[in-house]
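Protein chains in written order, with the working numbering: chain E, 2 to 66; chain C, 331 to 519.
Backbone N, C-alpha and C fix where the C-beta goes; we use that ideal spot for every residue, glycine too.
Nothing here was measured: the structure is a model prediction, and the numbers come from that model.
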Amino acid sequence: MAGRRAVLTARVSLLVAAAGVVFLVVLLAIAQRTTSALWFLTFPVLLLGVLVAAAAAVLRMLRHF
Amino acid sequence: MEQQIERSKIVVRWIVAVLLFAAVTYLKRRGELDVAWPSILLLTALLALLNLIYSAILRGGAPSWLKYATTATDLALISALVVFTGGTRSAFYFAYFIVLISNSFRYGMGMALYVATLYNLVYASVLFAAPPGGDLTVEAVKIFAFWGIALYAGYLAMRFQRQTRIVQSYEETIARLRHEVAQLKRPAS
Chain E
2 MAGRRAVLTA RVSLLVAAAG VVFLVVLLAI AQRTTSALWF LTFPVLLLGV
52 LVAAAAAVLR MLRHF
Chain C
331 MEQQIERSKI VVRWIVAVLL FAAVTYLKRR GELDVAWPSI LLLTALLALL
381 NLIYSAILRG GAPSWLKYAT TATDLALISA LVVFTGGTRS AFYFAYFIVL
431 ISNSFRYGMG MALYVATLYN LVYASVLFAA PPGGDLTVEA VKIFAFWGIA
481 LYAGYLAMRF QRQTRIVQSY EETIARLRHE VAQLKRPAS
């Protein structure tokens, strides 16, 4: 790994993980509280955001980068 | 390859169309479905027309956009069927899963995510068009469950594709080694 630039730094992975947690909270809040189906249109973005954040966090924890 | 897959999807689409038409007719005759005949016939005719158009397109090869278009129209037709047959209480909700499994296993994770995204958008539109009233938590759980199944199906498809590639490389190695052995056995002239 020496000489290779880190693709995902600790700071970036922390930010991505925090964004993922926010996305998850918003997702669950919409699922529990909404009375308008239009809010469900945001699910793909939020879900993919959570998945990307989880993937980044796991890869960072496994020292993949 | 893609042409072959889309051709087999056309066959599956005819079979599913006949089965769904039979199911709708049966339930309507028993008085368990309140849906007008023109709506059923319109949907069936639309599906038949689209299938014929896809067959015609596939005669000249499979354009790269076709798989996305066929999946999108399948989901749109199923959504119309769901709206006509009771919205969230429709007995035909399961048909979404046919599209998901069929496409995910054939095309992999990318397609699984595409189907899940599209389903999410069209089902939200279905809920908006025919609102169940009150709390929508159950519907949100349905959408989450669909996403979960899509991701799992995509993962299984990825594993299957990787194993297929491994077997293919083994077959190529065996063929090469057989050829080399045959060369060695041949008497020097």
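Cα-Cα separation between residue i and residue j, rounded to whole angstroms
| i | j | result |
| --- | --- | --- |
| M439(C) | Q333(C) | 19 angstroms |
| I383(C) | T447(C) | 25 angstroms |
| A32(E) | G390(C) | 46 angstroms |
| A480(C) | A11(E) | 31 angstroms |
| F435(C) | K515(C) | 44 angstroms |
| F476(C) | V13(E) | 31 angstroms |
| L349(C) | L25(E) | 39 angstroms |
| F427(C) | E502(C) | 36 angstroms |
| A421(C) | V412(C) | 8 angstroms |
| V23(E) | F458(C) | 26 angstroms |
| A399(C) | T494(C) | 27 angstroms |
| A505(C) | V511(C) | 10 angstroms |
| H509(C) | Y485(C) | 36 angstroms |
| A18(E) | A30(E) | 18 angstroms |
| D465(C) | F424(C) | 22 angstroms |
| F41(E) | G463(C) | 15 angstroms |
| V46(E) | L396(C) | 24 angstroms |
| L28(E) | A386(C) | 43 angstroms |
Where residue i meets chain E, residues with beta-carbon distance less than 8 angstroms
| i | result |
| --- | --- |
| L480(C) | Checking the sequence, you will find Ala at residue 480(C) rather than Leu. Correct list: empty, because the minimum Cβ distance to chain E is about 10 angstroms. |
| T401(C) | The premise fails here: T401(C) is roughly 15 angstroms from chain E at the closest Cβ pair, so nothing lies under 8 angstroms. |
| P461(C) | A38 |
Alpha helix (DSSP H) segment containing residue i, residue limits
| i | result |
| --- | --- |
| M439(C) | M439 to A459 |
| R359(C) | E332 to R359 |
| Y485(C) | T467 to K515 |
| P462(C) | Looking at the DSSP string, P462(C) is not in any alpha helix (DSSP H), and its letter there is neither H nor E. |
| S369(C) | W367 to R389 |
| F24(E) | A11 to R34 |
| R61(E) | F44 to M62 |
| A392(C) | Premise fails: A392(C) is in no alpha helix (DSSP H) and is neither H nor E. |
Where residue i meets chain C, residues with beta-carbon distance less than 8 angstroms
| i | result |
| --- | --- |
| F24(E) | Those within 8 angstroms of F24(E) in chain C number zero; the least Cβ separation is about 13 angstroms. |
| T36(E) | G464, D465 and L466 |
Chain-ordered chain E contacts of residue i [CB-CB under 7 angstroms]
| i | result |
| --- | --- |
| T447(C) | P45 |
| I473(C) | F41 and F44 |
| L458(C) | With the sequence shown as reference, residue 458(C) is identified as Phe, and Leu is not the correct amino acid for it. Going along chain E in sequence order, the residues near F458(C) (Cβ under 7 angstroms) are A38 and L39. |
Neighbour list for residue i in chain C, Cβ cutoff strictly below 7 angstroms
| i | result |
| --- | --- |
| L42(E) | L451 and A454 |
| L48(E) | W477 |
| A55(E) | The premise fails here: A55(E) is roughly 11 angstroms from chain C at the closest Cβ pair, so nothing lies under 7 angstroms. |
Residue i: contacting residues in chain E (beta-carbon distance under 9 angstroms)
| i | result |
| --- | --- |
| A406(C) | What A406(C) touches in chain E: nothing, since even the nearest Cβ is about 16 angstroms away. |
Residue i: contacting residues in chain C (beta-carbon distance under 9 angstroms)
| i | result |
| --- | --- |
| A30(E) | Simply none; closest approach about 11 angstroms. |
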